[in-house]
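Residue numbers (the working numbering): 4 to 130.
Below is the structure:
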């Protein structure tokens, strides 16, 4: 039986394995996969939503990998995620990722956040 994402968030928001609580910080951080801002909130959660996107460095340190969680296979973890590698230059890869997000009808409110996350990944020494 499938439950709504709001109900799932109400259940896991205060107690889950991905919370990172610090002293003197009001809002705890989140280490969950596909969470773009590492903030523990319903909007950015990569666990409770059916469709999520995460950006990670590629295994060979050339380019980056977009990890897409498909809503169609919510109950099948083996078919749930798709990894797409981007090895072209930064500007071309950003354009390709943006078209991928638009084509897969990803949430419009988080598309810009995803692009900002990718900018910071490209600027970091990990690539």
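Beta carbons are placed, not taken as given, at the ideal position from N, Cα and C, and that holds for glycine.
Leaving aside the five residues that flank residue 22 on each side, the residues in its chain whose CB is nearer than 7 Å to its CB run, in chain order, 31, 33, 43.
Across the structure, residue 91 and residue 47 are spaced so that their CA atoms are roughly 27 Å apart.
Take the alpha-carbon of residue 72 and the one of residue 87: they are about 11 Å apart.
Secondary structure note for residue 83: it is in no beta strand (DSSP E), and the uninterrupted alpha helix (DSSP H) holding it is 80–83.
Linking residue 35 to residue 89 through their CA atoms gives a straight-line distance of about 22 Å.
Nearest in C-alpha terms to residue 51, of all of 85, 19, 118, is 19.
DSSP places residue 60 within a strand segment (E or B) once states are collapsed to three. A direct Cα-to-Cα measurement between residue 102 and residue 115 gives close to 12 Å.
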